[in-house]
Structure formats: structure tokens, C-alpha cells
């Protein structure tokens, strides 16, 4: 999808990832939003549920702080 795209400034392309981490009491989930140009983590959050609200809150934080 982005093959051949030349990134010459921050913000045109962001990506997100959700990772689960096993803990003694269950799982915690970490969501992160990254800028492909700078490789910076723009926002991240940890939750004990994989509810969509924590993902949306992370996106809203990245948008508020980076745009």
C-alpha cells in the first residue's frame, strides 16, 4: 500500500499496534500509535481490557498532541 512512498516530513503516515502481555492475574493490553517518518511513539496507553474506548482515547490523544 505504501510501497514507493517517500516520507519527507512527520505525520502523513501513522501506524498502530496492540500487544497483549500475560500477567499473573490475566492480560494487560498496550496500544501504541507511531509516526513512520520519525519513528516516534505519538501516544500509548495500557488497559486491562481490550475495549475499543482505550484505543480511541489513544488515537484522540495522538491527534490532539501531534496535529
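In my numbering, the protein residues as written are -14 to 52. We treat Cβ as the ideally placed atom computed from N, Cα and C, and that holds for glycine.
Helix, strand or coil for residue i? Go by DSSP, reduced to three states.
| i | result |
| --- | --- |
| residue 27 | strand |
| residue 15 | strand |
| residue 43 | helix |
| residue 38 | helix |
Near residue i, what residues of its chain come up, given a Cβ to Cβ distance below 7 Å and the 5 sequence neighbours on each side ignored?
| i | result |
| --- | --- |
| residue 7 | none |
| residue 30 | 16, 39, 42, 43 |
Quick one: what's got a C-beta closer than 8 Å to residue i's C-beta in the same chain, skipping five residues either side?
| i | result |
| --- | --- |
| residue 36 | none |
| residue 34 | 14 |
So, for residue i: in the same chain, excluding its five sequence neighbours on each side, which residues have a beta-carbon less than 6 Å away from its beta-carbon?
| i | result |
| --- | --- |
| residue -5 | 20, 22, 23 |
Measure the CB-CB distance between residue i and residue j and report whether it falls below 8 Å.
| i | j | result |
| --- | --- | --- |
| residue 14 | residue 0 | no |
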